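All remarks here apply to the structure that follows.
This is how it looks when you write it as structure tokens:
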């Protein structure tokens, strides 16, 4: 009989692992998920709420794809993992055997223990169930307060804004997503979000959430004593791995499930990938947990090789991510630190309409290119990735921006402006 691989979680990490294991082997594959029967695009949840698509449109594969590729699906909640017997027990009462187990359980909203966080009308936005709850809550929302200024926070703000709900966002820093974006960019994005009708309360933290006699949120109180009336609070202060069910399993955890470079846990034949995996030895300037779609996909591809007897170390390569802040597309490549260290230099350019921006970081001593953030400018991933791997110098990067840009009209219009700004800032001729 073929070996049985069980994957808990049907997000991008788990599904990528399943697809690649099937590509390389005839192993029996079972994917278990409590969230949904079929894999769907999590990044598309906001567009369901905004009326741009239906849930069935978010499924990358036809429902018959799984049977055709001999991949079994089970919608159930795994309550317990017994690594000695190599079995799982579900909430529904089923016992499932495995030969190899891949944990791809994703993440959930990270509530910080605030007073009132369990009131009706307080929620995060990570899962399909969160979206369903938001739809239910939205029937009565007139004023919303969002806690936290990250990518989920801006998505939730845009979603609520399309329903003509008044929205305020509380952020700790002096600019939106200031823990990740350098100061100029955080302020650039703050201005853009505010231009779209969203209030941003900078350098402001939540103290508590107040409810009425019906256990419904009615206001929040900030740490500086301000009370803001609202009937909805969106918690967007980050996510945490779904690992509670592993508490007595013997599988080592910290914030996430601890894995080595081969994505192996401390238990033989048990692996972890995606949002729930925590690298014991992350690469320089990389986080030990990276809850990003691209990382999940790459981990899924990697662990499939090892499962199929081609033991392969996870090599994340150069950092990359992308998102949108309302109309402005954002891409980040390599290393661009919010607070650059003394040996790192910065080049920042913004167009006069405040709709496009570029931020490049480099080593001061030899001008080696470290990374770039772009706003309103779409770059070619493979080109920037090659520049980073080649350790190109700053001047060459500036002179070759047109090679990386998708938009030829942008190159013609702004290239000279960027080069002039560079020359002005550094008194150099390219």
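Residue numbers (the numbering used here): 21 to 450. Cβ coordinates follow ideal geometry from the N, Cα and C atoms, glycine included. Source: prediction; values computed, not measured.
In the DSSP assignment, residue 188 falls within the beta strand (DSSP E) that extends over 186–190.
Segment contact: the segment 123–132 against the segment 25–43, three or more CB-CB distances shorter than 8 angstroms; contact assigned. Nearest Cα to residue 362 within the set 383, 309 and 85: 383. Out of 420, 165 and 39, the CA that lies nearest to the CA of residue 188 is found in 165. With 16 or more other CB atoms across the displayed protein chains lying within 10 angstroms of its CB, residue 55 is buried.
Burial state of residue 245 is exposed, judged by a 10 Å Cβ sphere holding fewer than 16 other Cβ atoms. Between residue 204 and residue 368, the CB-CB gap stays under 8 angstroms. Using a C-beta cut-off of 8 angstroms, the segment 37–50 makes contact with the segment 21–29, since at least three inter-stretch Cβ pairs fall below that distance. When the beta-carbon positions are compared, residue 222 and residue 194 come within less than 8 angstroms of each other. Assignment of residue 412 by DSSP, reduced to helix, strand and coil, places it in the coil class.
For residue 108, the enclosing beta strand (DSSP E) begins and ends at 107–110. Taking 8 angstroms as the cut-off, the Cβ atoms of residue 413 and residue 388 count as close. Cβ neighbours of residue 331 within its own chain (closer than 7 angstroms, five residues either side excluded): 282. Taking 8 angstroms as the cut-off, the Cβ atoms of residue 196 and residue 185 do not count as close. Remark: C-beta atoms of residue 145 and residue 254 approach each other more closely than 8 angstroms. Of 93, 122 and 95, the smallest CA-CA separation from residue 107 is found for 122. When 328, 436 and 261 are compared, the shortest CA-CA separation from residue 370 is found for 436.
Here DSSP, grouped into helix, strand and coil, assigns residue 399 to strand. Taking a C-beta distance under 8 angstroms as the contact criterion, residue 404 and residue 376 do not qualify as a contact pair.
Three or more beta-carbon pairs separated by less than 8 angstroms link the segment 291–303 to the segment 318–336, which places the two stretches in contact.
Between residue 91 and residue 78, the gap from beta carbon to beta carbon reaches 8 angstroms or more. Residues of the same chain with a CB within less than 7 angstroms of the CB of residue 287, apart from the 5 flanking positions on each side, are 103, 270 and 271 in chain order.
Where residue 227 is concerned, there is no enclosing alpha helix (DSSP H), although the beta strand (DSSP E) around it starts and stops at 226–231.
Secondary structure note for residue 36: its alpha helix (DSSP H) is the uninterrupted segment 32–44. For residue 369, the secondary structure class from DSSP, reduced to helix, strand or coil, is strand. Counting the other CB atoms within 10 Å of its CB gives residue 420 a total below 16, which places it among the exposed residues. Cβ-Cβ distances below 6 angstroms link residue 351 to 342, 394 and 399 in the same chain, with the five nearest sequence neighbours on each side left out; the list follows chain order. The three-state secondary structure of residue 127, taken from DSSP, is strand.
Linking residue 229 to residue 139 through their CA atoms gives a straight-line distance of about 8 angstroms. Check the Cα spacing between residue 262 and each of 298, 443 and 88: the tightest is with 298. Counting other Cβ atoms within 10 Å of its Cβ, residue 159 stays below 16 and is therefore classed as exposed. Residue burial annotation: residue 97 is exposed, with fewer than 16 other C-beta atoms found within 10 angstroms of its C-beta. In the DSSP assignment, residue 158 falls within the unbroken alpha helix (DSSP H) covering 148–158. Going by beta carbons, residue 147 and residue 191 fall outside the 8 angstroms limit. Secondary structure of residue 357 (DSSP, three-state): coil.
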